[in-house]
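Trainee:
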Amino acid sequence: MKSPFLRKIGAAIFSVVAATGFIFVSPALADDVCGDGAITGVEACDDSNVSNGDGCSDSCAIESGYLCSGTPSVCHEVVCGDGVIDSPEECDDDGTANGDGCSNACVIEDGYSCTGAPSDCSLDEVPPECGDGITNGDDQCDDGNTDSGDGCSNICEFEVEPMITDTQMGTAVQSVTLTAKTLTTFFYLTTFVVALAISVLSYGMDQTLKGIVKKDGDKDPM
Numbered sequence: 005m006k007s008p009f010l011r012k013i014g015a016a017i018f019s020v021v022a023a024t025g026f027i028f029v030s031p032a033l034a035d036d037v038c039g040d041g042a043i044t045g046v047e048a049c050d051d052s053n054v055s056n057g058d059g060c061s062d063s064c065a066i067e068s069g070y071l072c073s074g075t076p077s078v079c080h081e082v083v084c085g086d087g088v089i090d091s092p093e094e095c096d097d098d099g100t101a102n103g104d105g106c107s108n109a110c111v112i113e114d115g116y117s118c119t120g121a122p123s124d125c126s127l128d129e130v131p132p133e134c135g136d137g138i139t140n141g142d143d144q145c146d147d148g149n150t151d152s153g154d155g156c157s158n159i160c161e162f163e164v165e166p167m168i169t170d171t172q173m174g175t176a177v178q179s180v181t182l183t184a185k186t187l188t189t190f191f192y193l194t195t196f197v198v199a200l201a202i203s204v205l206s207y208g209m210d211q212t213l214k215g216i217v218k219k220d221g222d223k224d225p226m
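In terms of the working numbering, the numbers along the sequence shown are unbroken and rise by one, the last being 226.
#1: Could you give the distance in angstroms between the alpha-carbon of Asp-36 and the alpha-carbon of Leu-127?
#2: I believe Glu-93 touches Val-82 by the beta-carbon criterion, under 8 Å. Please report the beta-carbon distance rounded to the nearest angstrom.
#3: For a quick check, are the C-beta atoms of Gly-105 and Cys-125 less than 8 Å apart?
#4: Quick check on the DSSP output: the beta strand (DSSP E) that includes Ser-126 runs from which residue to which?
#5: As an exercise, report each continuous beta strand (DSSP E) stretch of at least 3 residues that is fully enclosed by the region 74–151, in chain order.
#6: For Gly-87 and Glu-113, what's the separation of their Cα atoms in angstroms?
#7: Under a three-way DSSP split, which group does Ile-66 fall into?
#8: Quick one, which of Asp-58, Ile-66, Gly-57, Asn-56 has its alpha-carbon nearest Ile-43's?
#9: Going by DSSP, which residues form a beta bridge with Leu-71?
#10: Who are the near neighbours of Gly-208 in its chain, counting only those whose CB is closer than 8 Å to its CB and skipping five residues on each side?
#11: Cα separation between Ala-48 and Cys-95?
#12: Would Ala-121 and Ile-89 be called neighbours here (beta carbons separated by less than 8 Å)?
#13: Which partner residues of Phe-162 appear in the DSSP bridge assignment?
#14: Which same chain residues end up closer than 7 Å to Asp-136 when comparing Cβ atoms and leaving out the 5 residues on each side of it in sequence?
#15: Just list the residues that DSSP pairs Cys-60 with in beta bridges.
#16: Hey, how far is the Cα of Thr-75 from the Cα of Ser-52?
#17: How big is the Cα-Cα spacing for Val-29 and Gly-99?
#18: Measure how close the beta-carbons of Gly-39 and Asp-50 come, nearest whole angstrom, since I'm counting them as under 8 Å.
#19: Nearest to Gly-115 by alpha carbon, out of Phe-190, Phe-196, Val-130?
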């Protein structure tokens with residue numbers, strides 16, 4: 005609670021202000037007025053007004069997505085795809101397509117370099133590499149991999165006698181084994197058929213001979 009003395013002092017000051025219309029303002033505060041077109045004190049911008057939404061707010065702070073320069077401040081919106089590189093853009097190729105070196109967020113894409121405004125982007129030169137499917141540099145061949153045993157070695161040189169890999173060897177062994185089993189089965193089957201045929205022929209001949217002997221016996225009885 006204020007003392008009667010302080011209340012009297014306050015009332016006296018108010019009476020003087022009301023009578024004279026004079027208001028004392030600190031010199032430091034007098035120079036820092038947002039909206040006067042001068043950037044002073046803690047102001048980041050001052051576009052001679054106190055409107056929001058134009059890049060410089062009513063508290064003379066730069067609004068998000070804008071850049072401001074000059075006095076009074078001239079502010080413009082940072083737009084990716086307008087061909088102007090504004091912070092925090094890394095590039096701006098006057099478009100918003102991906103895959104051309106400058107992304108739809110105006111960031112330089114991997115494997116590209118960009119220069120100028122609007123940005124001109126190009127693929128970085130890739131040194132020759134064995135296994136990339138391109139025969140260049142010291143490559144004698146390049147089959148798109150670094151495997152040996154397929155005619156083009158792991159250092160992209162022709163192989164004189166391609167090596168048989170373990171997988172290929174296993175496949176060959178399985179094939180030979182299957183062929184051997186097939187031949188064995190065929191052999192046994194053929195043998196059985198031949199033996200059966202011989203048995204049938206032998207039985208027929210035996211019956212024929214017995215018939216002949218019987219007839220001869222009937223003609224010459226003992």
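Ideal Cβ positions, reconstructed from N, Cα and C, are used throughout, including at glycine.
This structure is a prediction, so every number in the text was calculated from the model and none was measured.
Mentor: Inspection of the coordinates gives the following:
#1: 50 Å
#2: 7 Å
#3: yes
#4: 124–127
#5: 78–81, 116–119, 124–127
#6: 17 Å
#7: strand
#8: Ile-66
#9: His-80
#10: none
#11: 25 Å
#12: yes
#13: Cys-156
#14: Asp-146
#15: Ile-66
#16: 9 Å
#17: At Val-29 the pLDDT is 47, less than 50, meaning the model places this residue with poor confidence; the figure from the coordinates comes in the next sentence. The alpha-carbon atoms of Val-29 and Gly-99 are separated by roughly 52 Å.
#18: 7 Å
#19: Val-130
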